[in-house]
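**Student:** In mature numbering (1 follows the signal peptide of the UniProt record, and there is no 0), the protein residues as written are -18 to -1, 1 to 168.
Sharing a structure below in structure tokens format, with a few things to ask.
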């Protein structure tokens, strides 16, 4: 009986850990990529029914943001933002400007740059911002952001994942890595 019970526990744990994430296709102006099903449009995209478009660092840029649904009032959730820099053929120009901005920002407590092993993702950076207060609960929180620099043939893409929740960071970061690698330039 003990062996039977042990086998059931093992099978249950295996099934729970093997649950798959459902994806939908996210279309940008010049790319297509996977996105986790159920993540919502940002407020601006809901209101204006289109992504944010503006000139950033001299390039025409389009930004799409998706928000992870919240589970409670204390849950600050998470977001993923994809920014495409049209006709930017060197991620290094964007990355250099970002690194200068990070040095100026006094709220950053740590910055970790790394080179990716992927042909698509050229660099990534993890930023940890100093603690600030939750606007509703007043509790201290720390914001973490990971940004991937993806170089296409004609355009540069920045994919940023941000959350203040350590559990969300640990759970969702591997999925965000997969999403960053799923980007395909059209």
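For each residue, glycine too, the CB sits at the ideal point set by N, CA and C.
With three or more C-beta pairs closer than 8 Å as the rule, is the region 86 to 105 touching the region 56 to 65?
**Tutor:** Contact fails: fewer than three Cβ-Cβ distances are below 8 Å.
**Student:** Taking 7 Å as the limit between beta carbons, can you name the residues of its chain near residue 5, skipping five residues before and five after?
**Tutor:** Hits under 7 Å: 16, 17, 18 and 19.
**Student:** Once you ignore the five residues that flank residue 69 on each side, which residues in its own chain have a CB closer than 8 Å to its CB?
**Tutor:** So the qualifying residues of the chain are 41, 42, 136 and 137.
**Student:** Does DSSP classify residue 91 as helix, strand or coil?
**Tutor:** In this structure, residue 91 counts as strand in the three-state DSSP scheme.
**Student:** Helix, strand or coil for residue 12, going by three-state DSSP, please let me know.
**Tutor:** If DSSP states are grouped into helix, strand and coil, residue 12 belongs with coil.
**Student:** What are the start and end residues of each continuous beta strand (DSSP E) run of 3 or more residues lying completely inside the region 111 to 137, in chain order?
**Tutor:** For the region 111 to 137, whole beta strand (DSSP E) runs of length 3 or above, ordered along the chain, are 126 to 133.
**Student:** Assign residue 101 to one of two classes, buried (16 or more other C-beta atoms within 10 Å of its C-beta) or exposed (fewer than that).
**Tutor:** With fewer than 16 other Cβ atoms within 10 Å, it is exposed.
**Student:** If you check the beta carbons only, do residue 108 and residue 128 fall under 8 Å apart?
**Tutor:** In contact: residue 108 and residue 128 (Cβ atoms closer than 8 Å).
**Student:** How would you write the range of the alpha helix (DSSP H) that residue 25 sits in, first residue to last?
**Tutor:** Where residue 25 is concerned, the enclosing alpha helix (DSSP H) stretches over 25 to 30.
**Student:** I believe residue 131 touches residue 125 by the beta-carbon criterion, under 8 Å. Please report the beta-carbon distance rounded to the nearest angstrom.
**Tutor:** Actually they are not in contact, since the Cβ atoms of residue 131 and residue 125 sit about 20 Å apart, beyond 8 Å.
**Student:** Looking only at its own chain, which residues have a Cβ that is under 8 Å from the Cβ of residue 37, when we skip the five neighbours before and after it?
**Tutor:** Excluding positions up to five away in sequence, the list reads 43.
**Student:** Measuring alpha carbon to alpha carbon, tell me which residue in 116, 47, 13 and 115 is nearest residue 133.
**Tutor:** Selected option, being the one with the closest Cα: 13.
**Student:** Out of 75, 48, 84 and 2, which one is the CA nearest neighbour of residue 144?
**Tutor:** Selected option, being the one with the closest Cα: 48.
**Student:** In its own chain, which residues sit with a C-beta less than 6 Å from the C-beta of residue 65, not counting the 5 before and 5 after it?
**Tutor:** Closer than 6 Å at Cβ, skipping near neighbours: 43, 45 and 140.
**Student:** Give the C-beta separation of residue 50 and residue 61 to the nearest angstrom, bearing in mind that I take them to be a contact with Cβ-Cβ under 8 Å.
**Tutor:** Correct: roughly 7 Å between the Cβ atoms.
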